[in-house]
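Student:
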Amino acid sequence: MSEKKLRQHLYGSFKNRALMYYHIFDELRKQVGEKKATAIMKKAIHKRGLIAGKPLAKY
């Protein structure tokens, strides 16, 4: 795969992830309000960061 194609796939993945976060947040906001939706998303993203960062902690 060419570097250009790889870069397009990578940016597409970033965009897709951002859109998923947006749509999840939007639905949460409609169901529980913006303040609670923000708190839920913040907590979930933080938990994911802890898991993703665990292998890097030794550095």
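Numbering (our numbering), first residue to last: 1 to 59.
Note that beta-carbon positions come from the ideal geometry of N, C-alpha and C, so glycine has one too.
Quantities reported herein were computed from a predicted structural model and do not represent experimental measurements.
#1: From the DSSP output, in three-state form, read off Ser-2 for me.
#2: For Arg-29, which residues in the same chain have their Cβ closer than 6 Å to its Cβ, ignoring the five residues on either side in sequence?
#3: What residue from Leu-10, Arg-7, Ile-51 and Ile-40 has the CA that sits closest to Asp-26's CA?
#4: If you draw a straight line from the C-alpha of Leu-56 to the C-alpha of Gly-49, how long is it?
Tutor: The structure says:
#1: For the purposes of this step, residue 2 is taken as the residue at position 2 of the sequence shown. Under the three-state reduction of DSSP, Ser-2 is assigned to coil, being neither helix nor strand.
#2: Here residue 29 corresponds to residue number 29 of the sequence shown, with the count starting at 1. Contacts found: Ala-37.
#3: On the sequence shown, residue 26 is found 26 positions in, with the first residue counted as 1. For Asp-26, the nearest C-alpha among the options comes from Ile-40.
#4: Within the sequence shown, the letter at position 56 stands for residue 56. Within the sequence shown, the letter at position 49 stands for residue 49. A direct Cα-to-Cα measurement between Leu-56 and Gly-49 gives close to 11 Å.
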